[in-house]
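To keep things clear, I will list the structure first and then write my remarks on it.
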Amino acid sequence: MDPFDAAGAVLHYKFEAQATACAFIGSVLAVAGGDGAVRLCAVDGSSKKISLHDGAILSMASNAKGDALYTAGDDGNLKRLGADGAISDIHSGRKWVDCVSCSQRGHVAWSCGKTIYLAKEGEEPVEITAPSSVSALAFSPDGKWLGAAVYGGALLISPNKPETTKFLEWKGSHVAIGFSTDGRFCVTAMLENSLHIWKIATPEKHGNMGGYPAKPVSFDWMADGRSMLTAGADVLVTWPFTGSDGPIGQNAAVFEGGVGIVRSVRARPSSRQVLIGYAAGGVALFDRKDDSYGYIAEADGSPVIDVRFSPDGRMAGFIRENGTAGLLDMGKP
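Heads up, the sequence shown is in the working numbering, so the first residue is 924 and it goes up one at a time.
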C-alpha cells in the first residue's frame, strides 16, 4: 500500500479517558485507559468497553498466542482478559503493578516496585528481587532472557532458571529496555536523552548512543534485524546491527520527512515499513524500500503514546494521550 493512500482508510476512535497503553489481540486494537477500562477497537469501526481496574492501567501486553491480554493496574492487580471475554485475576497486592510483559515462549512477567514476578502462563510465579524499582520489562526474542530496566543498569533473568541472573551495569536511570532480534544485544533508554547498549555475551563491550534532543524511550528493530529504529529526535534515527559488535563504535543514520519530535516507532513484520508517531499527534508510514513517506493521520496537538502492528503485520494502530486511537487495515505485508 502506498502510504499516501492510507489516510482515508484509517478508522478513528475517541474515548472519554486518557489512553495509557495499547496492544493487539488478533486484529483487534486494545486501548488501555486511565479509568481502568480496556476498549476493544474492531475493523468494522465498533468498539467495546470492558472495565477491569479500580484506577489507571499502567501497562498492558498481549501473549504469544494472541488470545489474551494482561493488564497492570495502580489498584495492585494484574488481570488477564481472554479473546473470549473471560477475565481472570492473576495477582492482587497493595503495591502498584508497574509493568507487564509476555514472551514468545509462553512466559509472563510483572513487577511491583523492586519485586519481579515470573511465570509460565497458568502457573504460579516465582519472585525475584531487583536492586531497585523496575521501570520496564521485556523478554528477548529467543526467550533466553527477561530484562528489567532499573537504576544503574539492566537486570537479566533466565525465564527457565530464574536463579540465573546477569547484571549489565551503567550508572544512571534506565527507563525502557529491549533486545535485538537475534538476542545478542540488550538496549536501554535513559533519562539523560540517550540509549545504552551491551553485547550480552561480553558485557564489557558496551556503549552509549546519545545526542537526542528528547528521551528515546521508544525503539524497535527492523524485521531483518539489520537496524534499530529510535524515537527522541525530529528525524527517524537508525543504528546499524550488521557487524559483530552492532552499533558500538558506529554512527547512526537519519531519515527526514515528518514535522516535530518522534515519540514512538514500530517496524512492520515481514516488511521494510515503519510506523512513526509524533509528539504533535501525527502518525506517518515510512518505507525503507523506496524512502516513500506520508502521514496516515494528521497532527491534532496530542502526543502519540504508542504505535503498533498486529503480529501478522496486517493491522496498524496508534493511540494519543487525549484518548483518541486509530486503526488501519494495510493488507498483507
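Even for Gly, the Cβ is constructed at its ideal location relative to N, Cα and C.
Inset, instruction - Closer than 8 Å by C-beta to PHE927: which residues in its own chain qualify, once you throw out the five before and the five after it? Chain order, please. - result: Since pLDDT at PHE927 reaches only 44, below the 50 mark, its modelled position is unreliable, and the value read off the structure follows with that caveat. Cβ neighbours of PHE927 within its own chain (closer than 8 Å, five residues either side excluded): SER1215 and GLY1217.
Legend entry - Cβ contact check for the stretch 1235 to 1252 and the stretch 944 to 961: 3 or more pairs under 8 Å: They touch, by the three-pair rule.
Legend entry - Span separating the alpha-carbon of HIS1030 from that of ASP1021: Cα to Cα, the separation comes out at about 17 Å.
Legend entry - Helix, strand or coil at ALA984 [DSSP, three-state]: Strand at ALA984.
Inset, instruction - Check ALA1137 in the structure and name its three-state DSSP category. - result: Per DSSP, reduced to three states, the secondary structure at ALA1137 is coil, with no helix or strand assignment.
Legend entry - GLY1254 - DSSP class collapsed to helix/strand/coil: GLY1254: coil per DSSP, three-state reduction.
Inset, instruction - Measure the alpha-carbon distance for ALA1061 versus SER1096 and round it to whole angstroms. - result: When rounded, the distance between both Cα atoms is 17 Å.
Legend entry - Per DSSP, cross-strand counterpart(s) of GLN1196: Beta-bridge pairing links GLN1196 to ASP1210.
Inset, instruction - Tell whether a beta-carbon distance below 8 Å holds between PRO1234 and GLY956. - result: Result no, Cβ atoms of PRO1234 and GLY956 do not sit closer than 8 Å.
Legend entry - C-alpha gap between SER1034 and VAL1023, whole angstroms: Those two C-alpha atoms are separated by around 7 Å.
Inset, instruction - Write down every uninterrupted run of the beta strand (DSSP E) in the stretch 1086 to 1144 whose length is 3 residues or greater and which is fully enclosed by it, in chain order. - result: Every beta strand (DSSP E) of 3 residues or more that sits fully in the stretch 1086 to 1144 is shown, in chain order, as 1088 to 1102, 1108 to 1113, 1117 to 1122, 1129 to 1132 and 1142 to 1144.
Inset, instruction - Have a look at PRO1163, MET1253, PHE1102 and GLY1205 and flag the residue whose alpha-carbon is nearest the alpha-carbon of GLN1196. - result: Per the Cα distances, MET1253.
Inset, instruction - Would you check if there are 3 or more beta carbon pairs closer than 8 Å linking the stretch 1003 to 1023 to the stretch 1075 to 1094? - result: The stretch 1003 to 1023 is not in contact with the stretch 1075 to 1094.
Legend entry - Limits of the unbroken beta strand (DSSP E) element including TRP1068: No beta strand (DSSP E) holds TRP1068; DSSP gives it neither H nor E.
Inset, instruction - Please go through the same chain and pick out, in chain order, the residues whose beta-carbon is closer than 6 Å to the beta-carbon of GLY1246, but skip the five residues on each side of it. - result: For GLY1246, where only same-chain residues beyond five positions count, the Cβ hits under 6 Å are PHE938, ALA940, GLN941 and ALA942.
Inset, instruction - Excluding the 5 residues preceding and the 5 following ASP967 in the sequence, name in chain order all residues of the same chain whose CB lies nearer than 7 Å to its CB. - result: Annotation for ASP967: no residue places its beta carbon closer than 7 Å to its own, counting only its chain and skipping 5 residues before and after.
Inset, instruction - May I ask you to list the residues that DSSP assigns as paired with ILE1080? - result: When DSSP reads this structure, ILE1080 sits in a beta bridge with LEU1069 and THR1088.
Inset, instruction - Quick one: using the 10 Å Cβ neighbour count with 16 as the cut-off for buried, is ASP925 buried or exposed? - result: Confidence in ASP925 is poor, its pLDDT being 44 and thus under 50, which makes the residue's placement too unreliable to answer from.
Inset, instruction - Please classify THR1052: is it buried, with 16 or more other beta-carbons within 10 angstroms of its beta-carbon, or exposed? - result: Burial state of THR1052 is exposed, judged by a 10 Å Cβ sphere holding fewer than 16 other Cβ atoms.
Legend entry - ALA1006, DSSP secondary structure in three states: In the structure shown, ALA1006 sits in coil (DSSP, three-state: anything other than H, G, I, E or B).
Inset, instruction - Out of TRP1162, SER950 and VAL1185, point me to the one whose CA is closest to ALA1176's CA. - result: The shortest Cα separation from ALA1176 among TRP1162, SER950 and VAL1185 belongs to TRP1162.
Inset, instruction - Answer yes or no: do ALA1203 and VAL1230 have a C-beta to C-beta separation smaller than 8 Å? - result: Not a contact, by the Cβ cut-off of 8 Å.
Inset, instruction - Name the residue from THR1165, ARG1186 and ASP1147 whose alpha carbon lies nearest to the alpha carbon of ALA1156. - result: Comparing Cα-Cα distances from ALA1156 to each of THR1165, ARG1186 and ASP1147, the minimum goes to ARG1186.
Legend entry - Own chain residues within Cβ distance below 6 Å of SER1056, not counting five before or after: Result list for SER1056: GLY1036 and LYS1037, in chain order.
Legend entry - Distance CB(GLY1101)-CB(SER1117) smaller than 8 Å: It is not a contact, given that the beta carbons lie outside the stated cut-off.
Legend entry - Buried or exposed by the 16-neighbour rule on C-beta atoms within 10 Å, applied to ARG1017: Around the beta carbon of ARG1017, fewer than 16 other beta carbons sit within 10 angstroms, so the residue counts as exposed.
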